[in-house]
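Asker:
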Amino acid sequence: TSIAILRVLQEQNPDLKPTMCGGLSLGEYTALVAAGKLTFEEALPLVKARGEFMDEACTSHPGTMQVVLGLELPIVEEVVSGLSGVWIANLNCPGQIVISGTKEGIEKAASQLKEKGARRVMPLDVSGAFHSGLMQSAQDRLVPLIQEVHMSNSDVALVMNACGDKVEALEEMRKNMTEQVTSPVRWQSCVEAMVDSGVELFIEMGPGKTLAGMNKRIGVQIPTVSVEKVEEVEYAPTT
């Protein structure tokens, strides 16, 4: 959906070219295509394999995820470090941290985080413990595919989840694509890196307005436009 919106937006506005791209979790592959690092045809088999490998990892190593609201990162890190089978999965925006791991580990973590003062700890409707060590088998299987895929340099900058910063070298991109399967999504850092680089307009492409909402909580002053459907493209401001 995101790529379809991008293509139509560019057809209607030929001079519209992104200066920097980023995507949350699976959305990072959309960002790689939008930035010209991968073609759509090159990205599609990777996305398919990633989904299959992660689904099989979910079956082999069942787990879950919960979102923690109202606690600072050091407190969450302290709790997670004292438990086995629990990882920090998403650093989305201030006061919103997602944890991932085994069901037993997550239950213990949730209890301790509430004791530490979390405003809420809520389960997410997911099929597994994504962005955690339980996905290691999926990451290992994805490595050769990422190493083999053709990637290209372009003049469009890219921020990536695993490091939460701008990545320029193609080999570093491959490294981040691989590590993203088991490492935290550092989305707040990605957004802050884009702001620091001088981005003047954010365009969120795809269903929902989640990223626009996160931008507000991060404190982004730059305009953010959400385009959920191809039909909405003609109403999307591009300057």
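All the letters of the sequence shown, read from the start, carry residue numbers 76 to 314 under the numbering used here. The C-beta atom is built at its ideal place from N, Cα and C for all residues, glycine as well.
Three Cβ pairs or more, each shorter than 8 angstroms: is that satisfied between the segment 232 to 244 and the segment 97 to 104?
Answerer: Contact check between the segment 232 to 244 and the segment 97 to 104: three or more CB pairs, one atom from each, fall below 8 angstroms, which counts as touching.
Asker: Considering only the alpha carbon of each residue, which of A213, T139, V266 lies closest to K123?
Answerer: A213
Asker: In the DSSP output, which residue or residues are listed as bridge partners for I163?
Answerer: The partner list for I163 (beta bridge, DSSP) reads I174.
Asker: Cα separation between M226 and V256?
Answerer: Per the coordinates, the alpha-carbon of M226 lies some 19 angstroms from the alpha-carbon of V256.
Asker: Which whole-angstrom value is the C-beta distance of A20 and P93, which I expect to be below 8 angstroms?
Answerer: Nothing about residue 20 can be reported from this structure: the residues present for the chain run from 76 to 314 only.
Asker: Which partner residues of M289 appear in the DSSP bridge assignment?
Answerer: M289 pairs with nothing; no bridge assigned.
Asker: When the Cα of V316 is compared with those of E153, D90, M248, G180, which residue comes out closest?
Answerer: Lying before the first or after the last residue shown, residue 316 is absent from the chain, which here runs from 76 to 314.
Asker: Counting along the chain, where does the alpha helix (DSSP H) carrying F115 start and finish?
Answerer: 115 to 135
Asker: Go through its chain and collect everything with a Cβ distance to M252's Cβ below 6 angstroms, but skip five positions before and after it.
Answerer: I221
Asker: What are the partner residues of P198, as DSSP defines its beta bridges?
Answerer: Q141
Asker: How would you label G138, buried or exposed, when you count the other beta carbons within 10 angstroms and need 16 or more for buried?
Answerer: buried
Asker: Once DSSP output is grouped into helix, strand and coil, what is the label at V256?
Answerer: Residue state, collapsed to three classes: coil.
Asker: Curious, which full-length beta strand (DSSP E) runs of at least 3 residues does the segment 213 to 270 contain?
Answerer: 232 to 235
Asker: Taking 9 angstroms as the CB-CB cut-off, is Q87 touching chain D?
Answerer: In summary, chain D is missing from the structure at hand, where a single protein chain is found.
Asker: Looking at V173 and A164, is the spacing between their C-beta atoms short of 9 angstroms?
Answerer: yes
Asker: Please return the same chain residues whose Cβ sits closer than 7 angstroms to the Cβ of V218, not counting the five positions on each side in sequence.
Answerer: T253
Asker: In whole angstroms, give me the CA-to-CA distance for G239 and L245.
Answerer: 16 angstroms
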